[in-house]
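Peer 1: Under the numbering used here, think of the first position of the sequence shown as 166, with each following residue one higher.
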Amino acid sequence: MKKSEKTQQEIADLDDIRVMYEFCFMFFEHVSEQHVNVVSGKLSPEDAANDSTSLVAWFSAALDGKNPEVAVRSKSDPNQNDQRLREHFAKELAALPEEDARHFAMPGGATFFAVLMFLKDVMETLEELASHAEEKIEGDAREVHELCVEWAELFTNQKFPQVA
């Protein structure tokens with residue numbers, strides 16, 4: 166099936182927090198696979214960096230509603246989301262050198278910055294998990310879940326449903 170032939174049901178709605186969680190988890194898995202491939206020598210650090218840049222751009226575009234063949238935002242306005250993320254990361258954005266800050270000042274810039282911060286959290290989590298013993302797999306899975314929940318909540322401005 167061609168991308169243009171996708172039905173509405175096949176296109177993810179990123180205003181559904183569970184779908185956003187799945188997108189965050191897919192992002193984590195992709196970065197994790199990159200990390201393993203770099204460590205094993207299958208991928209150069211430069212190629213991994215280029216792939217990460219593409220992944221961040223793709224994910225940001227999806228969050229901004231600029232990747233409608235993959236995902237939509239059915240209830241939220243990408244400009245309002247970007248403004249909310251700008252407010253959330255105001256301190257971090259204000260701390261950037263002026264030359265860097267201007268890249269994030271344009272529309273969609275705060276969303277891109279937020280995805281970069283998500284990538285940073287993913288990388289830090291992977292480094293932490295790499296030092297854990299095999300016996301901690303269940304705890305590691307919980308940590309990855311909590312990371313994805315945290316970012317899904319931030320990206321949707323919703324609370325993740327609690328399991329009773």
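The C-beta atom is built at its ideal place from N, Cα and C for all residues, glycine as well.
As the structure is a computational prediction, the values presented were derived from the model and not from experiment.
1) Could you check if Asp229 is buried or exposed, using at least 16 other CB atoms within 10 Å of its CB as the buried criterion?
2) What number of angstroms, rounded off, separates the C-alpha of Ala214 from the C-alpha of Asn246?
3) Between the Cα of Phe254 and the Cα atoms of Pro210, Gln199, Ala306, Val280, which residue gives the shortest distance?
4) Would you say Ile176 and Pro233 are within 9 angstroms of each other, going by their C-beta atoms?
5) Quick one: measure Cβ to Cβ for Leu284 and Val221, integer angstroms, because I've assumed they're closer than 8 angstroms.
6) Nearest to Asp242 by CA position, among Pro326, Phe190, Gln327, Asn322, is which residue?
7) On the three-state DSSP scale, how would you describe Ala214?
8) Which same chain residues, not among the five before or five after Gly274, have their C-beta less than 7 angstroms away from its C-beta?
9) CA-CA distance, Glu289 and Pro272?
10) Measuring only from the beta carbon, is Gln323 closer than 8 angstroms to any heavy atom that is part of the ligand GTP?
11) Please report the residue range of the alpha helix (DSSP H) in which Phe278 lies.
12) Between Glu308 and Leu250, what straight-line distance do the alpha-carbon atoms span, to the nearest angstrom?
13) Quick check on the burial criterion: 16 or more other C-beta atoms within 10 angstroms. Buried or exposed for Asp296?
14) Please report the straight-line C-alpha distance between Leu291 and Phe190, rounded to a whole angstrom.
Peer 2: Walking through what the data contain:
1) Against the sequence shown, residue 229 aligns to sequence position 64. Counting of Cβ neighbours within 10 angstroms places Asp229 among the buried residues, the total reaching 16 or more.
2) Numbered from its first residue, the sequence shown carries residue 214 at position 49. Numbered from its first residue, the sequence shown carries residue 246 at position 81. When rounded, the distance between both Cα atoms is 27 angstroms.
3) Along the sequence shown, read from residue 1 onward, the residue named residue 254 stands at position 89. Ranked by Cα distance from Phe254, the first of Pro210, Gln199, Ala306, Val280 is Val280.
4) Your numbering for residue 176 matches position 11 in the sequence shown. Your numbering for residue 233 matches position 68 in the sequence shown. In this structure, Pro233 lies closer than 9 angstroms to Ile176 by Cβ.
5) On the sequence shown, residue 284 is found 119 positions in, with the first residue counted as 1. On the sequence shown, residue 221 is found 56 positions in, with the first residue counted as 1. The distance from the Cβ of Leu284 to that of Val221 is about 6 angstroms, consistent with a contact at the 8 angstroms cut-off.
6) In the sequence shown, the residue the question calls residue 242 occupies position 77. That would be Asn322, whose Cα lies nearest to the Cα of Asp242.
7) As a position in the sequence shown, residue 214 is number 49, starting the count at 1. Residue state for Ala214 is assigned as helix, using DSSP reduced to three classes.
8) Along the sequence shown, read from residue 1 onward, the residue named residue 274 stands at position 109. Non-local beta-carbon contacts of Gly274 in its own chain, meaning distances under 7 angstroms to residues more than five positions away in sequence, involve His268 in chain order.
9) As a position in the sequence shown, residue 289 is number 124, starting the count at 1. As a position in the sequence shown, residue 272 is number 107, starting the count at 1. Whole-angstrom Cα-Cα distance: 28 angstroms.
10) Within the structure as shown, the ligand GTP is missing, as the structure has no ligands at all.
11) Here residue 278 refers to the residue found at position 113 when the sequence shown is read from its first residue. Segment 274-295, the alpha helix (DSSP H) holding Phe278.
12) To locate residue 308, count along the sequence shown from 1; it is residue 143. To locate residue 250, count along the sequence shown from 1; it is residue 85. Between the C-alpha atoms of Glu308 and Leu250 there is a straight-line separation of about 23 angstroms.
13) Stepping through the sequence shown from its first residue, residue 296 is reached at position 131. Residue identity check: residue 296 is Ser in the sequence provided, not Asp. Ser296 comes out exposed.
14) As a working note, residue 291 is residue 126 in the sequence shown. As a working note, residue 190 is residue 25 in the sequence shown. Rounded to whole angstroms, Leu291 to Phe190 spans 13 angstroms at the Cα level.
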